[in-house]
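Read top to bottom, the protein sequences are chains X and C.
Sequence positions in the first sequence follow our numbering and run 79 to 185.
Sequence positions in the second sequence follow our numbering and run 260 to 484.
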Amino acid sequence: MSLIHIIVIVFGLFAISRAYLRYKESKVKLGELLFWTGIWGAAMVFAFFPDTLNWLSDRAGFRRGMDFLIAISVITLFYLVFRIYVKLDETGQDITKIIREIAKSKK
Amino acid sequence: MSIYVVIPAYNEAGMIRKVINGLKKANYTNIVVVDDSSNDKTYEIAKDMGVHALRHIINRGQGASLRTGIEYALEQGADIIVTFDADGQHQPADIKKLIKPIKKKQVDVTLGSRFIRKDKSIPKLRRLYLKTGALVLFLMYGIQLTDSHNGLRAFSRKAASKIKIQGDRMEHASEIPEKIKKNRLRYKEIPVKIKYTEYSKKHGQNFKTNAFKIFFKMVINKLLR
Chain X
79 MSLIHIIVIV FGLFAISRAY LRYKESKVKL GELLFWTGIW GAAMVFAFFP
129 DTLNWLSDRA GFRRGMDFLI AISVITLFYL VFRIYVKLDE TGQDITKIIR
179 EIAKSKK
Chain C
260 MSIYVVIPAY NEAGMIRKVI NGLKKANYTN IVVVDDSSND KTYEIAKDMG
310 VHALRHIINR GQGASLRTGI EYALEQGADI IVTFDADGQH QPADIKKLIK
360 PIKKKQVDVT LGSRFIRKDK SIPKLRRLYL KTGALVLFLM YGIQLTDSHN
410 GLRAFSRKAA SKIKIQGDRM EHASEIPEKI KKNRLRYKEI PVKIKYTEYS
460 KKHGQNFKTN AFKIFFKMVI NKLLR
């Protein structure tokens, strides 16, 4: 077992446990818990059985397993950034609503 | 018919008194100043002058301030709402021309345009930005305007209730034409005079970087909503 295996396992388990705790506190939804478990679960599977990654990347048309992994990661990150952008925009609008009501009520 | 003039203001202590006095002199008594959490005395000055002074306790942007002022004016029973810049570049005398077609029920919204008449005093670079803005508006929403970002506008009560500004920052300038189109409101551009003073130029400088931000927001909003 090389160092990268240990790092992935330790961090993966840590991340999943965090997600699970948040879920128990009902701060994240079931869908989000499954999403993160899926991501880290997959990372652990790939770390231990690199062949699965090669098999997948072959199917997806990538020459190397790592290329495939990085492509998927970039897409996932883009998606997450987009979601955060939307969420931030909504939060901003909510704040504005509060500020507006205060401004009108203090008149 | 009650006419309300809404002035969104951010750090305009040096000009706001003059602007309010100008409007009062032109017999507009229902003046709503929305102070967007200025660092100077904008709010205090407006309040002292006996106008409707509202204050955002956190800076939320010009779009947000406009909506605050418009909602307030509607609650006060305004029949026509005029939006007016706080930096002194608009002329109170132009308001009369803007509200006339609305009073006659010919249109629901009038938009001030500095380009209908040939006006040599408009700085070249600014002309380019504004014209590009107008072109983008046409391409994205199919609304044809000669001026894209003119803060002098007038809305009938109906139009003001229908156009709910969502963009907090500068993107309202493109959002208003979009919502005019969506709600099938009748509109007209009215020639107005813009006074470019050293003061207003300094305050309008952030327009360059804003243009890209506005465009980015427009694209995102088009994708989302």
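Beta carbons: idealized from backbone N, C-alpha and C, even for Gly.
Remember, predicted model here, so these are calculated numbers, not experimental data.
Can you confirm whether residue i, when its beta carbon is compared against all beta carbons of chain C, has any partner nearer than 9 Å?
i: X:K165; result: no
i: X:T169; result: no
i: X:R178; result: yes
i: X:A138; result: no
i: X:F92; result: no
i: X:I173; result: yes
i: X:Y98; result: no
i: X:A149; result: no
i: X:K184; result: yes
i: X:A181; result: yes
What residue range is occupied by the uninterrupted beta strand (DSSP E) comprising residue i?
i: C:Y263; result: 262 to 268
i: X:A120; result: Element bounds for X:A120: not the beta strand (DSSP E) but the alpha helix (DSSP H), 108 to 126.
i: C:H315; result: Neither: C:H315 is in no beta strand (DSSP E) and is coded neither H nor E.
Assuming residue i and residue j make a contact with CB atoms under 8 Å, what is their CB distance in whole Å?
i: C:M429; j: C:Q321; result: 6 Å
i: C:L404; j: C:D353; result: Not quite, the Cβ-Cβ distance comes to about 17 Å (not below 8 Å), so this is no contact.
i: C:I329; j: C:A413; result: Actually they are not in contact, since the Cβ atoms of C:I329 and C:A413 sit about 11 Å apart, beyond 8 Å.
i: C:T301; j: C:N270; result: 6 Å
i: C:V310; j: C:V291; result: 7 Å
i: C:D367; j: C:K440; result: The pair is not a contact, with the Cβ atoms about 12 Å apart (cut-off 8 Å).
i: C:S296; j: C:I317; result: 6 Å
i: C:L396; j: C:S433; result: 6 Å
Is the shortest distance between the beta-carbon of residue i and the beta-carbons of chain X less than 9 Å?
i: C:H431; result: no
i: C:I275; result: no
i: C:I479; result: yes
i: C:Y331; result: yes
i: C:L389; result: no
i: C:I317; result: yes
i: C:I262; result: no
i: C:V293; result: yes
i: C:A312; result: yes
In terms of alpha-carbon separation, which member of the options lies closest to residue i?
i: C:R314; options: X:K184, X:L81, X:S80; result: X:K184
i: C:T456; options: C:D353, C:F414, C:G347; result: C:G347
i: C:Q335; options: C:N289, C:N298, C:I449, C:A352; result: C:N289
i: C:Y263; options: C:A337, C:K284, C:D406; result: C:A337
i: X:L147; options: X:V159, X:F160, X:L112, X:W133; result: X:W133
i: C:I375; options: C:D294, C:A332, C:D406, C:I402; result: C:D406
i: X:W114; options: X:D172, X:F126, X:L99, X:E179; result: X:L99
i: C:K452; options: C:S297, C:D344, C:K417, C:I402; result: C:D344
i: C:K423; options: X:E110, X:Q171, X:I153; result: X:Q171
Which residues bound the alpha helix (DSSP H) around residue i?
i: C:T489; result: Absent from the model: residue 489 of chain C. The displayed extent of chain C is 260 to 484, so no value can be given.
Beta carbons nearer than 8 Å to chain X: which residues of the segment 409 to 437 of chain C have them? Q425, D427
Residues of the segment 330 to 354 of chain C with Cβ closer than 8 Å to any Cβ of chain X, in chain order: E330, Y331, E334
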